[in-house]
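Participant: Questions regarding the structure given below will be posed in turn.
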Amino acid sequence: MQGQNQQQAYDRGITIFSPDGRLYQVEYAREAVKRGSASVGIRTPEGVVLVAERRSRSPLMERDSVEKLHKIDDHVGIASAGHVADARQLIDVARRQAQVNQLRYGETIGVETLTKAVTDHIQQYTQTGGARPFGVALLVGGVEDGEPRLFETDPSGTPYEWKAIAIGGNREEIQGYLEKEYDDELTLQGGIDLAIEAMAVGEEDGFPPEGLAISTIATESGEYRTLELDEIENRLAELDLLTEGDDE
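Numbering (the numbering used here), first residue to last: 4 to 251.
Next up, the structure:
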């Protein structure tokens, strides 16, 4: 009984390490990320692709109100997986950091610098009593000094840089597909197609066009762009992954 009580103490206290060096609340936050709908990021020589699945709980819900992709600055975007409300707080942190950098130094913020500023904020919530970790993971993609960059943030506050990465539900299967099919010489359009195909792993019926959100940051222009619904529909049709928009 005493051992069980100690276990519960480690379980509740975000600032308390268990005897085997674990922070249980951070691990639970990672589980919350796994329960979210998937997002995929792919870095190509021509730019970065961010793709997110937009699930709707009801056919009466407007899918556009499901925010999974966010423009942070003209050259940076973020995709999220996990608790949407937590993601919105971190998006606000990222946008403020980008604007502060522009006002203070007169230049756009670097993608790596922005990512580390966000992860520093996340990490504070893993060692503060009376708080909880953010139950969300982010993909931060953009162009820095003419080079595409793609980072993942973890609920522990750790940043990782990737060529291609999946977060959220069905991560293992999607990541396995990316590891098998990724090519360093992908075009931007090829990156979009690879991301859609990876998202479709385990999805027998494909996607309606409004079921995906897709954004790109092109290396040449360095500008964030969101694909229109008809563009997504054309890509899904080309890949034979188009289905009717039925949420039942």
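Ideal Cβ positions, reconstructed from N, Cα and C, are used throughout, including at glycine. None of the values given here were measured: they were computed from a predicted structure.
1) By DSSP, does K183 sit in helix, in strand, or in coil?
2) With distances taken Cα to Cα, identify the nearest neighbour of T229 among I177, I75 and Y31.
3) Compute the beta-carbon to beta-carbon distance between Q100 and L72, rounded to the nearest angstrom, for a pair I have assumed lies under 8 Å.
4) Leaving out five residues on either side along the sequence, give the residues of the same chain with a beta carbon under 6 Å from the beta carbon of Y163.
5) In the structure shown, what three-state DSSP assignment does G138 receive?
6) Can you list, in chain order, the residues of its chain with a C-beta nearer than 8 Å to that of P212? Leave out the 5 residues immediately preceding and following it.
7) Measure from the alpha carbon of R174 to the alpha carbon of each residue in G85, V79 and Q127, then state which is nearest.
8) Does the beta-carbon of F20 have 16 or more other beta-carbons within 10 angstroms, so that it is buried, or is it exposed?
9) Please specify which runs of the alpha helix (DSSP H), each continuous and at least 4 residues long, are wholly inside the region 148 to 229, giving them in chain order.
10) Return the CA-CA distance between E223 and I199, expressed in angstroms with no decimal places.
11) Return the CA-CA distance between V146 and S218, expressed in angstroms with no decimal places.
12) For T129, which option in D243, L26 and E241 has the closest C-alpha, if you only look at C-alpha atoms?
13) Quick check on M202: buried or exposed, where buried means 16 or more other Cβ atoms within 10 Å of its Cβ?
14) Have a look at the DSSP bridge pairing and note the partners of H272.
15) Starting from I45, trace the beta strand (DSSP E) in both directions and tell me its first and last residue.
16) Can you list, in chain order, the residues of its chain whose CB lies under 8 Å from that of L215, leaving out five sequence neighbours each side?
17) Among residues of its own chain, excluding the 5 on either side of V96, which ones have a beta-carbon nearer than 7 Å to its beta-carbon?
18) So what does DSSP say about L239, is it helix, strand or coil?
19) Under the three-state reduction of DSSP, which class applies to L106: helix, strand or coil?
20) Go through its chain and collect everything with a Cβ distance to D243's Cβ below 8 Å, but skip five positions before and after it.
21) Look up L244 in the DSSP assignment and say whether it is helix, strand or coil.
22) For my contact list, A82 and I177 are in at a C-beta cut-off of 8 Å; report their separation, rounded to the angstrom.
23) Could you check what DSSP says for L53 in three-state terms: helix, strand or coil?
Facilitator: Answer, in terms of the structure:
1) Here K183 carries a helix assignment [DSSP, helix/strand/coil].
2) When only C-alpha atoms are compared, the closest one is I75.
3) Actually they are not in contact, since the Cβ atoms of Q100 and L72 sit about 18 Å apart, beyond 8 Å.
4) Here the set comprises E155.
5) coil
6) L232, D233, I235, E236, L239, L245 and G248
7) G85
8) That one is exposed.
9) For the region 148 to 229, whole alpha helix (DSSP H) runs of length 4 or above, ordered along the chain, are 174 to 184 and 191 to 202.
10) 23 Å
11) 13 Å
12) L26
13) buried
14) The question about residue 272 has no answer here: the residues shown for the chain are numbered 4 through 251.
15) S42 to T47
16) Excluding residues within five positions, the ones whose Cβ falls inside 8 Å are V54, A55, E56, R57, I199, M202, I235 and L239.
17) Around V96: V121 and H124.
18) helix
19) Correct three-state label for L106: helix.
20) G209
21) coil
22) In this structure A82 does not touch I177 by the C-beta definition: roughly 13 Å separates them, more than the 8 Å allowed.
23) strand
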